[in-house]
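Numbering (the working numbering), first residue to last: 1 to 148.
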């Protein structure tokens, strides 16, 4: 994942964590640090669209493009701060799962093309009478400890 996309993903993770009651203080603090750094160094980059809809891939891509245009991809402190936020979210499991299903009963399950900063797919208490098909999962995106 390129540096600008990592930063955009971190903004989405931080924004999503801020919307939940389960956000841990380390994630909240890491997001405040990232947002502060972004607003000080890249004043013309608008975070509002990603903050309003953290799950919107198009908004994250637009933010990554803007960050790239402003040279943020070469900002090592920004990248480190973004990576720390993604790691903190993965440790607390805030916004880390791509698909998280609970108590699902269905004839079949088909999941494909999932990108997540932590767990790609998690099913708790699922009951299926037919096929389960899961493919093209990119889990641990942005986590340097995850083999790419």
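We put the CB at the ideal spot given by N, CA and C, even for glycine.
Item, Value
"CA-to-CA distance, residue 123 to residue 99, given in whole angstroms", "8 Å"
"Minimum C-alpha distance to residue 115 - residue among 126, 88, 130 and 134", "134"
"DSSP state of residue 41 mapped onto helix, strand, coil", "helix"
"Residues near residue 144 by beta carbon distance below 6 Å, same chain, minus five either side", "Because residue 144 sits at a pLDDT of 42, beneath the cut-off of 50, its placement in the model cannot be relied upon, and the point is left open."
"Alpha-carbon to alpha-carbon, residue 11 and residue 82", "8 Å"
"Counted within 10 angstroms of its Cβ, other Cβ atoms place residue 129 as buried (16 or more) or exposed", "exposed"
"Between the CA atoms of residue 62 and residue 90 - distance to the nearest angstrom", "24 Å"
"Sequence-distant residues of the same chain with beta carbon closer than 7 Å to residue 25, five excluded per side", "none"
"Through-space distance from residue 113 to residue 67, alpha-carbon basis", "25 Å"
"Three-state class that DSSP yields for residue 99 in the structure shown", "strand"
"Nonlocal neighbours in the same chain, by C-beta distance under 6 Å from residue 131, ignoring five residues either side", "108"
"Rounded Cβ spacing between residue 70 and residue 104 (contact assumed at less than 8 Å)", "Contact doesn't hold; Cβ gap of about 43 Å is too wide."
"Three-way DSSP call (helix, strand, coil) for residue 134 in this model", "strand"
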